[in-house]
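Here the UniProt record's numbering is used: the first residue of the sequence shown is 1, the next is one more, and so on.
Since the structure comes first, as structure tokens, the remarks are kept for the end.
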Amino acid sequence: MTRDQMLAHLRSADAVAREAAAHGHHPFGCVLVGPDDRVLMRQGNLDTVRHAETELVRRAAAAYEPEFLWQCTLVSTGEPCAMCAGTMYWANIGRLVYGYEETDLLALTGDHEENPTMNLASRTVFASGQKTIEVFGPFPEIADELLAPHRDFWKR
């Protein structure tokens, strides 16, 4: 996947995040991209426990074989939390692309009770495992665009 393709998929994930926010959910979104660069699934956040990435990865694990998922890429607006990174690891998705770091989100949300952000990078979660998952991100050139839906959402 080229950098331009990654940016295009990040913007697709952002559209999903904005749609989730329009329905009252937390503004997170992700897409699963197949080895042919086609979007296979989309998912927005549902609540504090049912994160976009975890929900999408569970659906993907039910729909596809692990060998196929290893060739796929999870593209997420923000860096997945420890729960989401762990779910991705167990489902055997081989690549992650994310737009902004979890620490950027923490700066906006503070200690909001619906988003008790952990200071645990997805790369650290993956490095604790036995398989090498490729990680691309953050993308500073669009981080502000991807964080925009969060600016007002967490002030409610």
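Even glycine gets a Cβ: it sits at the ideal position worked out from N, Cα and C.
In this text, all values refer to a predicted model and were calculated from it rather than measured experimentally.
| C-alpha gap between A20 and F153, whole angstroms | On the sequence shown, residue 20 is found 20 positions in, with the first residue counted as 1. On the sequence shown, residue 153 is found 153 positions in, with the first residue counted as 1. C-alpha separation (whole angstroms): 11 Å.
| request: Write down every uninterrupted run of the beta strand (DSSP E) in the stretch 16-64 whose length is 3 residues or greater and which is fully enclosed by it, in chain order. | output: 29-33 and 39-44
| message | Going by DSSP, what residue range makes up the alpha helix (DSSP H) through G94? | response | Taking the sequence shown and counting its residues from 1, one reaches residue 94 at position 94. Element bounds for G94: n/a, residue is neither H nor E.
| In DSSP terms, what A106 is bridged to | Counted from its first residue, the sequence shown places residue 106 at position 106. Note that residue 106 is Leu in the sequence shown here, rather than Ala. For L106, which the question treats as bridged, DSSP gives no partner whatsoever.
| field | Selection from A148, R151, K155 and F136 that minimises the alpha carbon distance to D4 | value | Here residue 4 corresponds to residue number 4 of the sequence shown, with the count starting at 1. When only C-alpha atoms are compared, the closest one is F136.
| request: My understanding is that E55 touches G78, with C-beta atoms under 8 Å, so please give their C-beta distance in whole angstroms. | output: Sequence index remark: in the sequence shown, residue 55 carries index 55 (1-based). Sequence index remark: in the sequence shown, residue 78 carries index 78 (1-based). About 15 Å separates the two Cβ atoms, so there is no contact after all.
| query | When DSSP labels each residue in this structure, what does F136 get in the three-state scheme? | reply | Numbered from 1 along the sequence shown, position 136 holds the residue referred to as residue 136. F136: strand per DSSP, three-state reduction.
| said: Looking at R42: is its Cβ nearer than 9 Å to the Cβ of L32? | reply: As a first step, residue 42 is located in the sequence shown; it is residue number 42 there, counting from the start. As a first step, residue 32 is located in the sequence shown; it is residue number 32 there, counting from the start. Yes, these two residues count as a Cβ contact at 9 Å.
| Which one of S12, H150 and D104 has the shortest CA to CA distance from V39? | In the sequence shown, residue 39 corresponds to position 39, counting from 1. Residue S12 is the option with its Cα nearest to V39.
| Reduced DSSP category for L74 - H, G, I as helix; E, B as strand; rest coil | For this step, residue 74 is matched to residue 74 along the sequence shown. Three-state DSSP puts L74 in a strand.
| Beta-carbon contacts of P80 that lie in its chain and below 6 Å, excluding the five residues immediately before and after | Against the sequence shown, residue 80 aligns to sequence position 80. Counting only Cβ-Cβ distances below 6 Å, and skipping sequence neighbours, we find E53 and S122.
| request: Taking R58 and T73 to be in contact with their CB atoms under 8 Å, please state how far apart those CB atoms are, rounded to whole angstroms. | output: Translated into the one-based positions of the sequence shown, residue 58 becomes position 58. Translated into the one-based positions of the sequence shown, residue 73 becomes position 73. The pair is not a contact, with the Cβ atoms about 17 Å apart (cut-off 8 Å).
| task | Spatial neighbours of G99 within its chain, please: CB distance less than 7 Å, with the 5 preceding and 5 following residues excluded, ordered by chain position. | result | The residue given as residue 99 occupies position 99 in the sequence shown. If we look at G99 and ignore the five residues flanking it on each side, its Cβ neighbours are L10, T77, G78, G137, P138, F139, I142, A143 and L146.
| task | Look at the Cβ atom of A91, then the Cβ atom of P66, and state whether they are nearer than 9 Å. | result | Residue numbering aside, residue 91 sits at position 91 when the sequence shown is read from its first letter. Residue numbering aside, residue 66 sits at position 66 when the sequence shown is read from its first letter. Yes; because the gap between Cβ atoms is below 9 Å, this pair is in contact.
| query | Is the beta carbon of N45 sitting closer than 9 Å to the one on F68? | reply | Numbered from its first residue, the sequence shown carries residue 45 at position 45. Numbered from its first residue, the sequence shown carries residue 68 at position 68. No; because the gap between Cβ atoms is not below 9 Å, this pair is not in contact.
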